[in-house]
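Colleague:
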Amino acid sequence: MKRARHGNCLIILLLLILFFFLVFNMSIWETALKTLFPQEKEVIYPRATLAVLVGEHLILVSVSTLMALFTGLLFGIFVTRPVGRDFLEIVNDITALAQTFPPVAVLALAVPLMGFGVKPTVGALFLFSILPILRNTISGLDSLAPEVLEAARGMGLSRLQILLKIELPLALPVIMAGIRIAVVINIGTATVGAVVGAGGLGAPIISGLVRNNPAFVLEGAATAAFLAVIADQLLSSIERVMVKTEY
Amino acid sequence: MTEARNARVDRISILGAIIGVFALAAPLLVQKANRLASGTPHYLWNSNSVFALLFFGFLYFIVFVLTMQRGPAKMFKQKPRVILVGLIGNIVLVASFFFAGSEARRLAAAAAPYARFSLGAGVWLLSLSGYMLIVSAQKSVKAGSGMNLFLSLSGLALFIFLFGTGAFKDLSIMQEYAARKERFFQEVLQHLRLTNIAVAIALLLGMPLGVWTYRNQRLEKPIFAIINTIQTIPGLALFGLLIAPLSLLSLRYPLIRTLGISGIGAAPAIIALSLYALLPITYNTHIGLKTVDAAVREAGRGMGMSRREIFFSIEVPLSVPVIFNGVRTSVVQAVGNTAIAALIGAGGLGTFIFQGLGQAAPDLILLGALPIIALAVIADRSMFVLTALITPKGLKV
Amino acid sequence: MIELKSITKKYSKLTAVNEISFRVEEGEICVLIGPSGCGKTTIIKMINRMLEPTSGEIYIQGKNIEESKPEILRRNIGYVIQNIGLFPHMTVAENIGVVPRLLGWSKNSITARTEELLDLLGLDPDEYSDKYPGKLSGGEAQRIGVARALAADPPLLLMDEPFGAVDPLNRERLQIEFLKIQRKLKKTVIFVTHDLDEAIRLADTIVLLKEGSIIQKDTPENMLAHPKNRFVKNFVGTDRALKRLARFTVADYLSKAEGLCIEKNISQCIKNKRDKLQNRFLWITDRQGRLMGWLDIEAFLAQDDIEEALTRVNPAEIALGADFTLKEALARMLSQGVSAIPVIDNADRLIGEINLSTIEKITQEGYPK
Ligand SMILES: Nc1ncnc2c1ncn2[C@@H]1O[C@H](COP(=O)(O)OP(=O)(O)OP(=O)(O)O)[C@@H](O)[C@H]1O
Ligand SMILES: [Mg+2]
Chain R
5 MKRARHGNCL IILLLLILFF FLVFNMSIWE TALKTLFPQE KEVIYPRATL
55 AVLVGEHLIL VSVSTLMALF TGLLFGIFVT RPVGRDFLEI VNDITALAQT
105 FPPVAVLALA VPLMGFGVKP TVGALFLFSI LPILRNTISG LDSLAPEVLE
155 AARGMGLSRL QILLKIELPL ALPVIMAGIR IAVVINIGTA TVGAVVGAGG
205 LGAPIISGLV RNNPAFVLEG AATAAFLAVI ADQLLSSIER VMVKTEY
Chain C
263 MTEARNARVD RISILGAIIG VFALAAPLLV QKANRLASGT PHYLWNSNSV
313 FALLFFGFLY FIVFVLTMQR GPAKMFKQKP RVILVGLIGN IVLVASFFFA
363 GSEARRLAAA AAPYARFSLG AGVWLLSLSG YMLIVSAQKS VKAGSGMNLF
413 LSLSGLALFI FLFGTGAFKD LSIMQEYAAR KERFFQEVLQ HLRLTNIAVA
463 IALLLGMPLG VWTYRNQRLE KPIFAIINTI QTIPGLALFG LLIAPLSLLS
513 LRYPLIRTLG ISGIGAAPAI IALSLYALLP ITYNTHIGLK TVDAAVREAG
563 RGMGMSRREI FFSIEVPLSV PVIFNGVRTS VVQAVGNTAI AALIGAGGLG
613 TFIFQGLGQA APDLILLGAL PIIALAVIAD RSMFVLTALI TPKGLKV
Chain U
268 MIELKSITKK YSKLTAVNEI SFRVEEGEIC VLIGPSGCGK TTIIKMINRM
318 LEPTSGEIYI QGKNIEESKP EILRRNIGYV IQNIGLFPHM TVAENIGVVP
368 RLLGWSKNSI TARTEELLDL LGLDPDEYSD KYPGKLSGGE AQRIGVARAL
418 AADPPLLLMD EPFGAVDPLN RERLQIEFLK IQRKLKKTVI FVTHDLDEAI
468 RLADTIVLLK EGSIIQKDTP ENMLAHPKNR FVKNFVGTDR ALKRLARFTV
518 ADYLSKAEGL CIEKNISQCI KNKRDKLQNR FLWITDRQGR LMGWLDIEAF
568 LAQDDIEEAL TRVNPAEIAL GADFTLKEAL ARMLSQGVSA IPVIDNADRL
618 IGEINLSTIE KITQEGYPK
């Protein structure tokens, strides 16, 4: 078991190294894309280096996810306390409903309200990533065995202590899964953010599509795909470690 | 979630009504000198249609009365109350657009020729409020029943009727629509076509794959690892990744080109969309089969059912609700992802969104985004109904 | 009817069933019992070919089961599985009709059969036919499980802890009903349990297993009286003498009761008989022979007043029916502090009595000094 976990970490580490190597080594891209698309004069997206694009992308994703994490946790904790119980059902129903709204449509709707650029993108990503985090926070906190809480209360822990020392740690793996889903969705939606001028890895893809240059498209698409897969792997391995150390 | 709970006008409808009351104070319309200019708001109270204000006020008053557990509402049983709230929700939903439309017509008569009237926050909040009332009512009505269907569709029918009479034609979004009427329907059809073909392919692949991984435990991990990875790849990136290989293929092989397959257009879109739709369907098929009670399967075997009989008369019916849930997720996702397909020239409603973004024309963005949201919600609701209808009776609590 | 010949079943390292042979005759109930994991379910499943033995043969009515296709074989063997396993998406009637449908019965005969079986198991067909299993209580579900196994009227019935998931009270009811049905249907039954009382109540033969081998195969009476070794002794418990009493009914050990009819010239009668009477008490009946109570003879003789000396009773509370077990009779004696209990028939008529001394004699059979 332990060895398997180490192996997993090693693979993720290697993937990370490979990713950064590729991001900072534009010459490899140049050679590869040149051979693939000999007909194109320009094969590297000229307006920003990959490193900058990845940076922009990560900023979009992390700012919106952190905001969503804060909001989602707050709401999730609120509706699972006795004071907020009454709102649990509404919140559940609204999140279930909101989840049917396509992220791209939400992003598009944000533009008339907030203009172009980073703002509407972060706004849409924020709104959208609240959903998985909130849902998982609620289900994580709500599915704890009543005996455990009973025992904690019986041992004389205060409500706050129960929340901080028992409930949140036990719900953490589930919340973590929500964060992972949020991050993956956000990395995906953020690529579309390039359309509204938010930059990021979507920029070369869009530019390539507009200029009919498949090399730009591949540069952005491959990096974005790689980034998403790594983020997913990294977060899910953190999730697994949490589950194992918990129990 | 599908079964009817105890009928009661619940908090969602109260919250919906409260939102609705506040919405009455928000701008109903925003007037702009031309398509791109910024605008001046028009409110419900300073418009001539005081009638509208009274109308909404009256409806919300009824909702509040109905939510009370004592007082005059006691005359009604719970069930009719709930249904009345649902009906009011439908009326609010349609009326918000109707009053905006008629107000726009009145103002347009007096305004400069290029003046535009876009929907204000009031309309959006009112329709959200209406939607919440409908959802709250539907929870208490049996899924798949005639009443449930009526509550889902009556507003839509009325809306389409008013649409036909031209009640909305002075709204800016309708002017965008009027300017590209035929195109709009083409794109709606194209959107549906892409979504349906993708989901159909995903069904044809995903269900057998789900059965296969369920039968062969060894395949479970590797296959789901692959499908999961595909699912994590950003939509736009997946479209992008398909462009290069497909365009190379169509350059090399004229046969493929004559089939209409190239780097951009419908082919990569459908491939990417069906790859996306694969995970929920495969996963739910797998899980649905896997969670069939072992004792039940054992009983079937012990009674002399063949593997085929066990599969078709026990395992499939018992996992149908789970499988359909997966299909629902796939369909809703596909409707959204198809929007992105417009970027690689596959058409669909996303076309308007991206044109609108390109021209900085908010109404054109709406013309794409709103129908997409509507399609997603309709797909979600109708899959719910379908799932409820197809779930074997004994599995409903 | 069914014969197992040196059946062995191995799971990689573990030998779950080891060289087991036994026969079950037509119409018999054979109970397999033993601690958890001793191979009971494995044996049952080899009989309907849900599992294949590693070695050995099984014959049903003289025919090696390997000659039949598993599906066909199973359709002719009733099977109640350990966890009932009713099909949740089928109504009660559809559940019962599964095997008949597989066998291609006509719709009408399936309906008729379903109703017949529900009646047999004491469930109203009108009420239960269209119910779904989710709405049944544990006891009802168990009954349906049995009905489903009986549906195609198979001569052989395999029952794997069929009453395992119900409370003790309901379990006892189900056992009694099952015995009643079995008396009518005369199936050959192989019944798995790890409840010794259940085995004792139902079995014609008990097969006691341990770690895949037969330790003792015997009638319940014999097994309790003469446990073969220490393991069996421990298994049946120190109260085996008591348990054994459950195998005997009052009817078999009835003594003649001293009873007098109250209407006759009763005082005279008693005085005449006086020397012959050994007991202090005398059962008193009415003119139809129904038990009314008992008379304290000494008290009567001292005062010569019938009403003073007569204790009137409700027969149903005091007396036993002939189908009660000796164990129940003994329990009644101990709780009432008496050494004899009157036995009545369905119409409360006195038919005899059961004595503590009789019971003592039976318990001693198994315990040579
Ligand atoms: N598929 C299998 N693979 C390996 N071992 C098995 C398998 N099935 C059963 N066993 C083992 O065989 C032994 C006998 O199992 P079996 O189910 O027959 O016991 P049982 O007497 O019915 O027990 P219980 O009273 O708990 O139902 C057990 O030790 C069990 O662990
Ligand atoms: Mg068993």
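Residue numbers (the numbering used here), protein chains in the order written: chain R, 5 to 251; chain C, 263 to 659; chain U, 268 to 636.
Using N, Cα and C, we set each Cβ at its ideal position, and we do this for glycine too.
1) Kindly provide the chain-ordered list of residues whose Cβ lies closer than 5 Å to any non-hydrogen atom of ligand 1.
2) Below 8 Å on C-beta distance, what does residue 400 of chain U contact in chain C?
3) Would you give the residue range spanned by the beta strand (DSSP E) that residue 298 of chain U belongs to?
4) For residue 654 of chain C, collect the residues of the same chain with a Cβ closer than 6 Å to its Cβ; drop the 5 residues on either side in sequence, then sort them by chain order.
5) Could you spell out the range, first to last residue, of the alpha helix (DSSP H) harbouring residue 337 of chain U?
6) Can we say the segment 477-496 of chain U touches the segment 562-572 of chain U, given the rule of at least three CB pairs closer than 8 Å?
7) Taking all protein chains shown into account, do 16 or more other C-beta atoms lie within 10 angstroms of the C-beta of residue 13 of chain R, making it buried, or fewer, making it exposed?
8) What does a CB cutoff of less than 6 Å around residue 423 of chain U pick up in its chain, not counting 5 residues either side in sequence?
9) Is the separation between the beta-carbon of residue 591 of chain C and that of residue 468 of chain C shorter than 9 Å?
10) Does residue 21 of chain R get closer than 9 Å to chain C when you measure Cβ to Cβ?
11) Name the residue from R/183, R/218, R/234, R/233 whose alpha carbon lies nearest to the alpha carbon of residue 48 of chain R.
12) Using the Cα positions of residue 393 of chain U and residue 379 of chain U, report the straight-line distance between them to the nearest angstrom.
13) So with Cβ pairs under 9 Å, would you call residue 618 of chain U a contact of chain C?
14) So which residues on chain R does residue 589 of chain C lean against when the C-beta distance must stay under 7 Å?
15) CB residue 208 of chain R to CB residue 224 of chain R, shorter than 9 Å?
16) Using DSSP's beta-bridge definition, name the partner residues of residue 389 of chain C.
17) So, at 7 Å on beta carbons, what are the nonlocal neighbours of residue 305 of chain C in its own chain, with the 5 sequence-adjacent residues on each side left out?
18) What is the DSSP secondary structure of residue 223 of chain R, counted as helix, strand or coil?
19) According to the Cβ coordinates, are residue 605 of chain C and residue 616 of chain C closer than 9 Å?
20) Using beta carbons (cut-off 9 Å, strictly below), is residue 349 of chain U in contact with chain C?
21) Assign residue 267 of chain C to buried or exposed, taking buried as 16 or more other Cβ atoms, counted over all protein chains shown, within 10 Å of its Cβ.
22) With a threshold of 8 Å (Cβ to nearest heavy atom), would residue 428 of chain U be considered close to ligand 2?
23) Cβ of residue 149 of chain R less than 9 Å from any chain C Cβ?
24) Counting only C-beta atoms, is residue 402 of chain C closer than 9 Å to chain U at any point?
25) Applying a beta-carbon distance threshold of less than 7 Å, which residues of chain U neighbour residue 560 of chain C?
26) Using a Cβ-Cβ distance under 9 Å, would residue 557 of chain C count as near chain U?
27) Which residue marks the beginning of the beta strand (DSSP E) containing residue 289 of chain U, and which one marks its end?
28) To be precise: take each residue of the segment 483-497 of chain C, compare its Cβ to all Cβ atoms of chain R, and keep it if any distance is under 9 Å. Which residues remain?
29) Alpha carbon to alpha carbon, what distance is there between residue 228 of chain R and residue 496 of chain C?
30) Tell me whether the segment 228-247 of chain R and the segment 78-97 of chain R touch, counting them as touching only if at least three CB pairs, one residue from each stretch, are closer than 8 Å.
31) Using CA coordinates, which residue listed in U/494, U/518, U/383 is at the minimum distance from residue 594 of chain U?
32) Looking only at its chain, what residues have a beta carbon closer than 7 Å to the beta carbon of residue 311 of chain U, apart from the 5 residues adjacent to it on each side?
33) Applying the 10 Å Cβ sphere with the 16-neighbour rule, what's the burial state of residue 144 of chain R?
34) Can you give me the C-alpha to C-alpha distance between residue 293 of chain C and residue 378 of chain C, rounded to a whole angstrom?
35) Just to make sure I have the definition right: I need the residues of chain R whose C-beta is within less than 9 Å of the C-beta of residue 342 of chain C. Which are they?
36) Would you please verify whether the beta carbon of residue 444 of chain U is less than 9 Å from any beta carbon of chain C?
Modeller: On the basis of the supplied data:
1) U/278, U/283, U/303, U/304, U/305, U/306, U/307, U/308, U/309
2) Reading the third sequence from its first residue, position 133 is the one you call residue 400 of chain U. 656, listed in chain order.
3) By 1-based counting over the third sequence, the position of residue 298 of chain U is 31. Segment 296-300, the beta strand (DSSP E) holding residue 298 of chain U.
4) Your numbering for residue 654 of chain C matches position 392 in the second sequence. For residue 654 of chain C, where only same-chain residues beyond five positions count, the Cβ hits under 6 Å are 579.
5) For the purposes of this step, residue 337 of chain U is taken as residue 70 along the third sequence, with counting starting at 1. From DSSP, the alpha helix (DSSP H) with residue 337 of chain U extends over 337-342.
6) no
7) Within the first sequence, residue 13 of chain R is the residue found at index 9, counting from 1. Flag for residue 13 of chain R reads exposed.
8) Position 156 of the third sequence, counted from the first residue, corresponds to residue 423 of chain U. Same-chain partners within the cutoff: 344, 455.
9) Indexing the second sequence from 1 puts residue 591 of chain C at position 329. Indexing the second sequence from 1 puts residue 468 of chain C at position 206. No, the pair does not count as a contact, with Cβ atoms beyond the cut-off.
10) To locate residue 21 of chain R, count along the first sequence from 1; it is residue 17. So, not an interface residue.
11) The residue you call residue 48 of chain R lines up with position 44 of the first sequence. Checked all of R/183, R/218, R/234, R/233; the closest Cα to residue 48 of chain R is R/218.
12) For the purposes of this step, residue 393 of chain U is taken as residue 126 along the third sequence, with counting starting at 1. For the purposes of this step, residue 379 of chain U is taken as residue 112 along the third sequence, with counting starting at 1. C-alpha separation (whole angstroms): 12 Å.
13) Counted from its first residue, the third sequence places residue 618 of chain U at position 351. No, its Cβ sits nowhere closer than 9 Å to a Cβ of chain C.
14) Translated into positions along the second sequence, residue 589 of chain C becomes position 327. None at all; the shortest Cβ gap to chain R is about 14 Å.
15) Here residue 208 of chain R corresponds to residue number 204 of the first sequence, with the count starting at 1. Here residue 224 of chain R corresponds to residue number 220 of the first sequence, with the count starting at 1. It is a contact, given that the beta carbons lie within the stated cut-off.
16) As a working note, residue 389 of chain C is residue 127 in the second sequence. Bridge partners of residue 389 of chain C: none, in fact.
17) By 1-based counting over the second sequence, the position of residue 305 of chain C is 43. Apart from the 5 residues on each side of it in sequence, residue 305 of chain C sits with its Cβ closer than 7 Å to the Cβ of 289, 290 in its chain, given in chain order.
18) Taking the first sequence and counting its residues from 1, one reaches residue 223 of chain R at position 219. Reduced to three states, the DSSP call for residue 223 of chain R is helix.
19) In the second sequence, counting from the first residue as 1, residue 605 of chain C sits at position 343. In the second sequence, counting from the first residue as 1, residue 616 of chain C sits at position 354. In this structure, residue 616 of chain C lies closer than 9 Å to residue 605 of chain C by Cβ.
20) Reading the third sequence from its first residue, position 82 is the one you call residue 349 of chain U. Yes, contact with chain C.
21) As a position in the second sequence, residue 267 of chain C is number 5, starting the count at 1. In this predicted model, residue 267 of chain C has a pLDDT of only 43, less than 50, meaning its place in the structure is not dependable enough to derive any value.
22) Start at 1 with the first residue of the third sequence, and residue 428 of chain U comes out as number 161. Yes, the Cβ of residue 428 of chain U comes within 8 Å of a heavy atom of ligand 2.
23) The sequence position of residue 149 of chain R within the first sequence is 145, counting from 1. It does not: the Cβ of residue 149 of chain R has no partner Cβ on chain C nearer than 9 Å.
24) Taking the second sequence and counting its residues from 1, the one referred to as residue 402 of chain C is at position 140. Not closer than 9 Å to any Cβ of chain U, the Cβ of residue 402 of chain C fails to qualify, so no.
25) For the purposes of this step, residue 560 of chain C is taken as the residue at position 298 of the second sequence. Near residue 560 of chain C (Cβ distances below 7 Å), the residues of chain U are 348, 352.
26) Counting from 1 along the second sequence, the entry for residue 557 of chain C is found at position 295. By this cut-off, residue 557 of chain C is an interface position.
27) Indexing the third sequence from 1 puts residue 289 of chain U at position 22. Looking at the DSSP string, the run of the beta strand (DSSP E) that includes residue 289 of chain U is 281-291.
28) Cβ contacts with chain R: 490, 491, 493, 494, 495, 496, 497.
29) Mapped onto the second sequence, residue 496 of chain C falls at position 234. Mapped onto the first sequence, residue 228 of chain R falls at position 224. Spanning the two alpha carbons is a distance of roughly 7 Å.
30) no
31) On the third sequence, position 327 is the one that residue 594 of chain U refers to. The shortest C-alpha separation from residue 594 of chain U is found at U/518.
32) Position 44 of the third sequence, counted from the start, is the residue given in the question as residue 311 of chain U. Within the same chain, and ignoring the five residues on either side of residue 311 of chain U in sequence, the residues whose Cβ sits closer than 7 Å to its Cβ are 425, 427, 457, 459.
33) The residue you call residue 144 of chain R lines up with position 140 of the first sequence. It is buried - the Cβ of residue 144 of chain R has at least 16 other Cβ atoms within 10 Å.
34) Within the second sequence, the letter at position 31 stands for residue 293 of chain C. Within the second sequence, the letter at position 116 stands for residue 378 of chain C. Each residue's Cα considered, the two are about 6 Å apart.
35) As a position in the second sequence, residue 342 of chain C is number 80, starting the count at 1. The premise fails here: residue 342 of chain C is roughly 22 Å from chain R at the closest Cβ pair, so nothing lies under 9 Å.
36) Position 177 of the third sequence, counting from 1, holds the residue named residue 444 of chain U. So, not an interface residue.
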